[in-house]
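A.B. asks: Okay, here's the structure, questions in a sec.
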Amino acid sequence: MDALELRLIVYRHFVETGVAPTRAELAQTVGAAELVDALLRELHDRHMLVLDDRPGRQGEIRMALPFATEPTKWKVTTSQGAWWANCAWDSLAILAALHSNGRIESTWADTGEPAHLTVAEGELGHTEGYICFPLPASQWWDDIVFT
């Protein structure tokens, strides 16, 4: 097994269950915990996913971009299920990755008011508003969780 094969397993699990697989679940699938840890580290180093560094969660998947592993301000719902996105950009990316129509629930950054967005046939239904990027793209990976 290589890193890209493990990445596919991670993404399939996310799509099917709405959550990230644990390292223990991946080790059961792959058959070797040490291999899973090494491949997850490789994917992290290649910016294909983000490993958690918080106490009690170290080494677990925190983000498998565009999917978030815990509730965020961006919830994406389709006829297939629901997922949390890491940011507004990722909420659109989830729908694109799934080739699906869907709904994004969030809040407007400037007012805090609820935002209800729909995407149908690849088109964003609501064309008012904006997406705020607090940092230039060149700095995103300096602290991707903050970004």
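Quick note: the sequence shown uses numbering that gives the first Met the number 0, first residue 0, plus one each step.
A virtual CB, placed ideally from N, CA and C, is assigned to each residue, including glycine.
Using the Cβ count rule (16 or more neighbours within 10 Å means buried), how would you classify residue 130?
C.D. replies: exposed
A.B. asks: Going by Cα to Cα distance, which pick from 35, 12, 45, 11 is closest to residue 22?
C.D. replies: 35
A.B. asks: Looking only at C-alpha atoms, which of 7, 141, 24 sits nearest to residue 42?
C.D. replies: 7
A.B. asks: Please report how far the alpha carbon of residue 30 lies from the alpha carbon of residue 77, in whole angstroms.
C.D. replies: When only Cα atoms are considered, residue 30 and residue 77 end up about 33 Å apart.
A.B. asks: To the nearest whole angstrom, what separates the beta carbons of residue 85 and residue 65, a pair I think is in contact under 8 Å?
C.D. replies: 6 Å
A.B. asks: On the criterion of 16 or more Cβ atoms from any shown chain inside 10 Å, does residue 123 qualify as buried, or is it exposed?
C.D. replies: exposed
A.B. asks: Which first and last residues belong to the alpha helix (DSSP H) in which residue 16 is found?
C.D. replies: From DSSP, the alpha helix (DSSP H) with residue 16 extends over 2–16.
A.B. asks: On the three-state DSSP scale, how would you describe residue 107?
C.D. replies: Looking at residue 107 - three-state DSSP - the assignment turns out to be coil, as it is neither helix nor strand.
A.B. asks: For the beta strand (DSSP E) holding residue 152, just list the boundary residues, first then last.
C.D. replies: What is shown of the chain runs 0 to 146, which leaves residue 152 out entirely.
A.B. asks: Can residue 139 and residue 105 be called in contact, C-beta distance under 8 Å?
C.D. replies: Taking 8 Å as the Cβ cut-off, residue 139 and residue 105 do not qualify as a contacting pair.
A.B. asks: Measure the alpha-carbon distance for residue 51 versus residue 100 and round it to whole angstroms.
C.D. replies: 30 Å
A.B. asks: Looking only at its own chain, which residues have a Cβ that is under 7 Å from the Cβ of residue 47, when we skip the five neighbours before and after it?
C.D. replies: Same-chain partners within the cutoff: 6.
A.B. asks: Quick one: using the 10 Å Cβ neighbour count with 16 as the cut-off for buried, is residue 13 buried or exposed?
C.D. replies: It is buried - the Cβ of residue 13 has at least 16 other Cβ atoms within 10 Å.
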